[in-house]
Each structure stands twice: as C-alpha cells, then as structure tokens.
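Note sheet for the following structure.
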Amino acid sequence: MKSAFGKTLNSFKQSLPIIVGVLLLMGLVIIAVPKEFYAMVFSGNKFLDPLVGALAGSISGGNPITSYILGGELLKQGVSLLAVTAFLLAWVTVGIIQLPAESLMLGKKFAIIRNGVSFLMAIVIAVLAVITLAIV
C-alpha cells in the first residue's frame with residue numbers, strides 16, 4: 009500500500025509542471041484568441057464539427073492529462089461537446105507530428121493505418137458518446 013501511494017505521489021509530482029504549464033498557456037490562449045474564432049472554426053454543424061475537431065486534434069497531439077484541461081476550456085468557449093470529444097480523442101490517439109518516428113520504429117504502412125483508423129474512430133466514438141449522453 010505504501011509503495012502504491014509513493015508511486016502515485018511521484019507520478020503526480022512529475023505531471024504537476026505539465027499541468028501548470030498547460031493552465032498558463034490556456035490562460036494566454038483565452039486572452040489572445042477571441043471567442044468569435046471558435047464560433048468561426050466550430051460552426052455547430054453536427055456533421056462538420058467532429059471532423060474539424062478530429063483534424064485539429066490530429067495535428068496538435070498531446071497527452072491525456074492536459075486534454076481534460078483543454079477540453080474544459082473549449083467547452084467554456086461554447087464549442088460543442090461533439091467537437092470537443094472528437095478533438096480530445098484525436099489529440100491523444102492520432103499523431104501526425106509523431107508519424108515520421110512511428111513509421112521508422114513500427115513501419116510506414118502500420119503507422120499510416122493505425123493513425124487513419126484512430127482518426128476515424130475518434131469521430132465515431134465522439135458521435136456515439138454524445139448520443140449516449142443524449143445531448144445531441
């Protein structure tokens with residue numbers, strides 16, 4: 009029990025600087041990017057928003073810890089849950105930025121197929137999650 013608590017505490021200590029950095033960066037983005045930008049990018053279209061969200065998440069790429077903070081801020085800015093869910097799923101599972109390294113380590117064909125399937129599944133899962141929550 010002591011060992012698990014110690015490992016958890018160490019993990020939290022390691023992730024704390026990342027979380028603080030993301031919070032600070034999000035504060036800057038909130039001030040620098042007007043709300044009209046989000047309305048322009050995410051139109052509220054139930055078919056287009058998940059695609060745009062997944063595309064943005066695929067290009068951005070990030071880790072799960074910071075995605076919750078980012079998702080909350082996007083929801084506060086009026087972006088739909090559908091778009092945010094697709095964005096976050098693609099953010100964590102699709103790695104356009106990491107594609108060259110993944111291709112080198114695992115093979116080009118595998119990397120492309122894995123990223124393509126992850127992209128499509130991000131959209132499908134986002135739609136299913138929002139339907140399940142009956143918010144659509």
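For the sequence shown, the numbering used here gives the first residue as 9, with consecutive numbering after it. Backbone N, C-alpha and C define an ideal beta-carbon position, used for all residues, glycine too. Computed from a predicted model, the values in this text were never measured in an experiment.
Hey, how far is the Cα of residue i from the Cα of residue j?
i, j, result
"P58", "I131", "6 Å"
"L63", "K10", "43 Å"
"N123", "I105", "11 Å"
"Q85", "P42", "9 Å"
"L24", "A98", "23 Å"
"P72", "K117", "26 Å"
"S21", "I139", "A small correction: the amino acid at residue 21 is Lys; Ser does not occupy that position in the sequence shown. Their Cα atoms are separated by approximately 37 Å."
"L90", "L107", "26 Å"
"M48", "L83", "15 Å"
"I1", "T101", "Nothing can be reported for residue 1, as the shown portion of the chain is limited to 9 through 144."
"V60", "V87", "11 Å"
"V125", "A137", "18 Å"
"N18", "L36", "28 Å"
"F127", "F50", "18 Å"
"I39", "I26", "20 Å"
"G103", "M129", "14 Å"
"K54", "L33", "29 Å"
Give the range of the alpha helix (DSSP H) segment to which residue i is assigned.
i, result
"L82", "72-84"
"G65", "56-68"
"V92", "89-101"
Taking 6 Å as the limit between beta carbons, can you name the residues of its chain near residue i, skipping five residues before and five after?
i, result
"S111", "A119"
"Y76", "none"
Near residue i, what residues of its chain come up, given a Cβ to Cβ distance below 7 Å and the 5 sequence neighbours on each side ignored?
i, result
"S68", "W99"
May I ask you to report which of helix, strand or coil DSSP gives residue i?
i, result
"L141", "coil"
"K116", "helix"
"K21", "helix"
"I104", "coil"
"G52", "coil"
Would you call the CB atoms of residue i and residue j closer than 9 Å?
i, j, result
"A94", "G65", "yes"
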